[in-house]
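Protein chains in written order, with the working numbering: chain A, 4 to 337; chain B, 14 to 369. A virtual CB, placed ideally from N, CA and C, is assigned to each residue, including glycine. Just so we're clear, the structure is a prediction, and the values are computed from it rather than from any experiment. Here the structure comes first, spelled out in structure tokens, and everything after it is commentary.
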């Protein structure tokens with residue numbers, strides 16, 4: 004499959020100099036065309052920092068301290084997003100990569116109509132478009148996300164939370180970006196609305212052909228909706244595998260812990276285990292594998308050396324990678 | 014299906030396997046205590062202000078001459094005898110400046126303390142209590158707001174003989190609080206509807222506790238900048254009064270300027286007569302503004318955590334950190350990674366990095 008976005012050895016810090024906290028360390032990840040890549044992990048594992056870091060949206064004192072984010076446009080040669088000038092970055096955003104934030108529905112301006120806020124983006128990025136065609140595009144977007152077009156002239160307070168979130172998703176897609184990053188887009192909504200929106204999103208992806216990076220702490224959601232899942236812990240990716248493979252047979256004890264903390268709908272009953280302990284303090288990381296103080300299977304090398312993310316030494320290890328001393332890497336990634 | 018209790022106990026923070034290793038952070042507490050001083054702006058402002066306050070205290074004692082004493086050196090330029098020259102009566106300008114500092118600093122700070130106290134009381138009460146209290150206090154504030162301070166002071170001082178500095182400070186204080194009271198009222202109105210204030214009201218905290226512990230810390234920046242602004246305003250008012258000759262009991266910088274203007278110092282090319290006093294005013298204003306910037310950075314946790322905001326990017330340019338354009342830095346560690354295919358992190362095994 005063709006890659007659209009390649010993250011190579013990305014490092015993100017909060018703060019500068021000796022007071023810096025390394026929130027994302029040496030992350031390499033590839034997003035392929037038309038794929039839904041799930042990014043899961045506990046709070047504070049660096050999921051959102053990774054997403055904001057690669058789009059350069061981190062607020063100060065966040066800073067990128069190394070790595071590359073290679074974007075492959077539909078036409079033309081690939082380029083590094085981290086090396087773009089401010090002007091080029093503005094052009095790149097939304098048109099090539101759009102992002103839906105956590106609680107994005109609160110970002111709508113209460114004094115403007117939905118239509119105004121939808122067409123605003125078009126005005127900025129495609130100034131040659133006539134007002135008529137701008138409105139047509141906005142109407143089309145609303146229809147795509149399942150809102151009837153007579154809500155065009157509604158104000159944000161006249162819509163429900165789910166509708167507002169869908170407006171935001173529509174707004175993110177209006178310039179037909181190749182990559183859409185969703186940072187817990189459904190966290191504030193009830194499960195029914197969550198399912199509806201995600202169903203629509205998958206439909207849209209099939210129709211429009213964009214790729215999605217989906218960030219959530221709800222692994223059960225990812226197992227259902229995504230093609231591939233990357234698990235993050237302490238700022239690093241600890242395991243990456245196709246969704247079904249990961250669900251069936253996770254290799255990293257942390258992934259197993261996450262999978263063990265929600266009940267399965269089908270199959271035999273099993274005990275919910277959870278993961279003892281709490282996420283590590285990013286300012287004082289444990290030596291070696293950052294998960295070893297909480298790991299039930301920790302053994303001798305875990306506390307001294309950091310395991311490398313790479314292809315595991317199991318028979319059907321192709322297409323997946325793990326960073327764990329139980330499965331030492333054959334071929335490191337990145 | 015029941016969840017075994019043991020697994021719940023396991024996730025109680027700070028217990029059993031939850032206990033995190035204590036990481037020693039030497040010097041952290043000390044650094045936090047002096048954080049206010051780490052801001053170059055605040056330090057500069059404080060040092061300058063400190064010099065002024067010191068001069069206000071010891072100025073009259075270290076002044077080489079009696080500021081009113083006449084001599085035969087009329088309108089002389091700076092010399093070893095008179096560092097800042099003399100006036101038309103042969104008075105020493107340097108001594109006048111030194112002696113005058115006390116009055117300026119005293120009036121400035123006393124007036125600001127009075128005005129800030131009044132504005133906090135009226136502003137927060139009006140904003141928080143609301144209703145009839147708010148209406149009454151707001152009308153009162155608006156009335157005071159339209160009273161012009163300087164003309165009022167001219168009227169009061171001209172009816173009284175021998176006006177003391179304290180009276181001037183009280184009059185300035187009583188007329189200068191209203192603007193800050195309005196700002197504080199507006200800020201309080203917005204704060205009182207926030208969730209954390211409503212929650213503390215719902216949980217039965219007393220009004221005074223809510224005002225003291227929930228609202229005041231959020232208003233510190235506004236109060237502090239109001240205080241600093243009022244000091245500047247009071248100093249300028251007092252100097253104005255002295256400059257136009259309404260108040261003439263003892264020395265302050267305005268008195269120096271009054272005489273310099275009256276004797277046409279500019280026409281006589283006697284720059285040493287008025288430039289030092291003007292610079293002293295400007296420098297005092299600068300130091301107070303610098304302190305104000307420092308306070309802003311210190312009390313706003315957002316600005317505080319940011320620390321320094323200028324960074325050097327990978328392209329070698331120095332830019333300001335701002336939202337939406339995260340800087341890309343090149344750290345020495347990453348540079349090493351790029352050059353050498355294998356690295357050692359914290360004594361870990363070599364991480365192989367294959368060229369793509």
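Rounded to whole angstroms, what is the Cα-Cα separation between residue i and residue j?
i, j, result
"residue 188 of chain B", "residue 67 of chain B", "28 Å"
"residue 228 of chain A", "residue 180 of chain A", "20 Å"
"residue 209 of chain A", "residue 35 of chain A", "14 Å"
"residue 155 of chain A", "residue 82 of chain A", "37 Å"
"residue 6 of chain A", "residue 240 of chain B", "59 Å"
"residue 8 of chain A", "residue 155 of chain B", "60 Å"
"residue 336 of chain B", "residue 65 of chain A", "9 Å"
"residue 271 of chain B", "residue 122 of chain B", "23 Å"
"residue 147 of chain A", "residue 54 of chain A", "25 Å"
"residue 245 of chain A", "residue 306 of chain B", "53 Å"
"residue 203 of chain A", "residue 91 of chain A", "31 Å"
"residue 373 of chain B", "residue 303 of chain B", "No answer is possible for residue 373 of chain B: the residues shown for chain B start at 14 and end at 369."
"residue 299 of chain B", "residue 190 of chain B", "22 Å"
"residue 76 of chain A", "residue 133 of chain A", "26 Å"
"residue 96 of chain A", "residue 37 of chain A", "19 Å"
"residue 110 of chain A", "residue 251 of chain A", "38 Å"
"residue 60 of chain B", "residue 293 of chain B", "14 Å"
"residue 308 of chain A", "residue 270 of chain A", "38 Å"
"residue 138 of chain A", "residue 167 of chain A", "18 Å"
"residue 18 of chain A", "residue 61 of chain A", "12 Å"
"residue 38 of chain B", "residue 297 of chain A", "Residue placement at residue 38 of chain B is flagged as unreliable, the pLDDT there being 48, under the threshold of 50; the coordinate-derived value follows with that caveat. Roughly 23 Å between the two C-alpha positions."
"residue 52 of chain B", "residue 264 of chain B", "35 Å"
"residue 68 of chain A", "residue 286 of chain A", "16 Å"
Can you look up residue i in the DSSP assignment and give me helix, strand or coil?
i, result
"residue 70 of chain A", "strand"
"residue 129 of chain A", "coil"
"residue 185 of chain A", "strand"
"residue 227 of chain B", "helix"
"residue 9 of chain A", "strand"
"residue 324 of chain A", "strand"
"residue 276 of chain A", "coil"
"residue 14 of chain A", "strand"
"residue 276 of chain B", "coil"
"residue 179 of chain A", "coil"
"residue 123 of chain A", "helix"
"residue 161 of chain B", "coil"
"residue 35 of chain B", "Interpretation of residue 35 of chain B is limited by its pLDDT of 44, a score under 50 that renders its predicted location unreliable; the figure taken from the coordinates is listed afterwards. Correct three-state label for residue 35 of chain B: coil."
"residue 25 of chain A", "strand"
"residue 313 of chain A", "strand"
"residue 154 of chain A", "helix"
"residue 319 of chain A", "coil"
"residue 99 of chain B", "strand"
"residue 113 of chain A", "coil"
"residue 156 of chain B", "helix"
Can you name the residues that DSSP bridges to residue i?
i, result
"residue 82 of chain A", "A:74"
"residue 218 of chain A", "A:42, A:186"
"residue 323 of chain B", "B:333"
"residue 220 of chain B", "The partner list for residue 220 of chain B (beta bridge, DSSP) is empty, contrary to what the question assumes."
"residue 240 of chain A", "A:235"
"residue 103 of chain A", "A:185"
"residue 32 of chain A", "A:10"
"residue 210 of chain B", "Residue 210 of chain B is not bridged to any residue."
"residue 65 of chain A", "A:17"
"residue 96 of chain A", "A:100"
"residue 105 of chain B", "B:99"
Three-pair Cβ contact test at 8 Å for the stretch 222-235 of chain B versus the stretch 177-184 of chain B: The stretch 177-184 of chain B and the stretch 222-235 of chain B do not touch, with fewer than three beta-carbon pairs separated by less than 8 Å.
Given 8 Å as the limit, is there contact between the stretch 19-28 of chain A and the stretch 233-248 of chain A, that is, 3 or more CB pairs closer than that? At 8 Å Cβ cutoff, the stretches touch.
Select from the stretch 51-69 of chain A all residues with a C-beta closer than 7 Å to any C-beta belonging to chain B, and list them in chain order. Those residues of the stretch 51-69 of chain A that come within reach of chain B (Cβ to Cβ, closer than 7 Å) are 56, 59, 60, 61, 62, 63, 64, 65, 66, 67, 68, 69.
Could you list the residues in the stretch 88-103 of chain A with a C-beta less than 7 Å from some C-beta on chain B, going in chain order? So the close ones are 89, 92.
Hey, is the stretch 67-84 of chain A in contact with the stretch 42-51 of chain A, meaning 3+ C-beta pairs nearer than 8 Å? Cβ pair count under 8 Å is below three, so no.
For the stretch 79-86 of chain B and the stretch 200-217 of chain B, state whether three or more C-beta atom pairs, one from each stretch, are separated by less than 8 Å. No, because fewer than three Cβ pairs between the stretch 79-86 of chain B and the stretch 200-217 of chain B fall closer than 8 Å, the two stretches do not touch.
Any residues in the stretch 25-46 of chain A with a beta carbon nearer than 7 Å to a beta carbon of chain B? Which ones, in chain order? Along the stretch 25-46 of chain A, none of the residues has a CB nearer than 7 Å to a CB of chain B.
Take every Cβ of the stretch 162-178 of chain A, pair it with every Cβ of the stretch 103-113 of chain A, and state whether three or more of those distances are shorter than 8 Å. Result yes; three or more Cβ-Cβ pairs closer than 8 Å.
Taking contact to mean 3 or more Cβ pairs, one atom from each stretch, closer than 8 Å, check whether the stretch 96-108 of chain B and the stretch 281-293 of chain B are in contact. With contact defined as three or more Cβ pairs closer than 8 Å, the stretch 96-108 of chain B and the stretch 281-293 of chain B are in contact.
To be precise: take each residue of the stretch 227-240 of chain B, compare its Cβ to all Cβ atoms of chain A, and keep it if any distance is under 7 Å. Which residues remain? Answer in chain order: no residues at all.
Please name the residues in the stretch 70-85 of chain A whose beta-carbon is closer than 8 Å to at least one beta-carbon of chain B, in chain order. Flagged, chain order: 70, 85.
Tell me, please, whether the stretch 317-328 of chain A touches the stretch 278-289 of chain A by the rule of three or more beta-carbon pairs shorter than 8 Å. Flag = no, the stretch 317-328 of chain A and the stretch 278-289 of chain A do not touch.
Would you call the stretch 181-190 of chain A and the stretch 215-230 of chain A touching, i.e. three or more CB-CB distances under 8 Å? Contact holds between the stretch 181-190 of chain A and the stretch 215-230 of chain A, because three or more Cβ pairs, one in each stretch, are under 8 Å apart.
Decide if the stretch 241-259 of chain B is in contact with the stretch 161-176 of chain B; the criterion is three or more beta carbon pairs, one per stretch, under 8 Å apart. Yes, the stretch 241-259 of chain B is in contact with the stretch 161-176 of chain B.
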